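Encoded as C-alpha cells, the structure appears first; notes follow it.
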Amino acid sequence: MATVGVIGAGAWGTAFSIHLVRIGHTVKLWAYERELVEIIAAERENTMYLPQIRIPEGITPTGEIACACDAEIVVLACPSRFFRGVAQQVVKHLPRGVPVVILTKGFEDETLLCMSEVMEELLPANGANEVAV
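Going by our numbering, the first residue of the sequence shown is number 4, and it counts up by one from there.
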C-alpha cells in the first residue's frame, strides 16, 4: 500500500488519516500546531479536534511539511481560509509526479476560486502533478 502525506490535522484530516490506515496505508499527518504534534505522538489522540478517538500507530504526526510531502500521495485537508498559504508551502516540497488530493471545501475569499483552481495556479506547469478533488 501507499505512504500518504495528509496536510491538516483537524477533525477531517485526522479522520481521513485513520481511514487510510485502516485500509492498509501508512500516513504522515502534518499539524500546524507543534503542541498537537506532540500530543498525537504521546497520547495517540487528537485532543484538540477529534477527542476520544484513538489514532493508530500507522499515523506519524509531524510539524514539517517537507516530511509529509515525502509520500506517494499528498492530501490537503486544511481549512479553506489557510489553503493558499499552506499549498504554497506544499508546492515547495512536492516531488514531481506525486498526485495531490484536495479535501478542502469552499472558495478562496479574495478570488472566489475553488481549491483545485488555487492548487493548479500554484503548481508548476511542467510539474506533471495530477490534482483530484
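No residue lacks a Cβ here, since even glycine has one placed at the ideal position from N, Cα and C. Bear in mind that the values here come from a model prediction, so they are computed numbers and not experimental data.
In this structure, how does DSSP classify K95 when only helix, strand and coil are distinguished?
Position 92 of the sequence shown holds residue 95. Helix, per DSSP.
Starting from the N-terminal side, write out each stretch of the alpha helix (DSSP H) that is 4 residues or longer and does not extend beyond the stretch 96-129.
118-125
Residues near I76 in its chain [Cβ-Cβ closer than 6 Å; skip 5 each side]:
Taking the first residue of the sequence shown as position 1, residue 76 is located at position 73. Result list for I76: A5, V7 and P102, in chain order.
In this structure, does DSSP put T50 in helix, strand or coil?
Here residue 50 refers to the residue found at position 47 of the sequence shown. In this structure, T50 counts as coil in the three-state DSSP scheme.
I'd like the list of long-range same chain contacts for G13, defined as Cβ closer than 6 Å, with 5 residues on each side in sequence excluded.
Locating residue 13 in the sequence shown gives position 10, where the first residue counts as 1. The residues are Y52.
Could you give the first and the last residue of the continuous alpha helix (DSSP H) run that contains V24?
Residue numbering aside, residue 24 sits at position 21 when the sequence shown is read from its first letter. Here the alpha helix (DSSP H) through V24 covers A14 to R25.
Using 10 angstroms around the beta-carbon of H22, count the other beta-carbons present and answer buried if the total reaches 16, otherwise exposed.
Here residue 22 is taken as the residue at index 19 of the sequence shown, counted from 1. H22 should be labelled exposed.
Can you find at least 3 beta carbon pairs, one from the stretch 106-116 and one from the stretch 53-62, that sit closer than 8 Å?
no
So, does the stretch 37-55 touch the stretch 70-88, judging by three or more C-beta pairs under 8 Å?
no
Rounded separation between I68 and I10 - CA only
As a first step, residue 68 must be located in the sequence shown, where it is residue number 65. As a first step, residue 10 must be located in the sequence shown, where it is residue number 7. Near 7 Å, if we compare the C-alpha coordinates of I10 and I68.
So for G8, helix, strand or coil by DSSP?
Within the sequence shown, the letter at position 5 stands for residue 8. DSSP places G8 in strand when its eight states are reduced to three.
What first and last residue would you give for the alpha helix (DSSP H) that runs through I68?
Sequence index remark: in the sequence shown, residue 68 carries index 65 (1-based). First-last of the alpha helix (DSSP H) with I68: I68 to C72.
Can you grab the Cα-Cα spacing for the pair T17 / P54, in whole Å?
Translated into the one-based positions of the sequence shown, residue 17 becomes position 14. Translated into the one-based positions of the sequence shown, residue 54 becomes position 51. Rounded to whole angstroms, T17 to P54 spans 11 Å at the Cα level.
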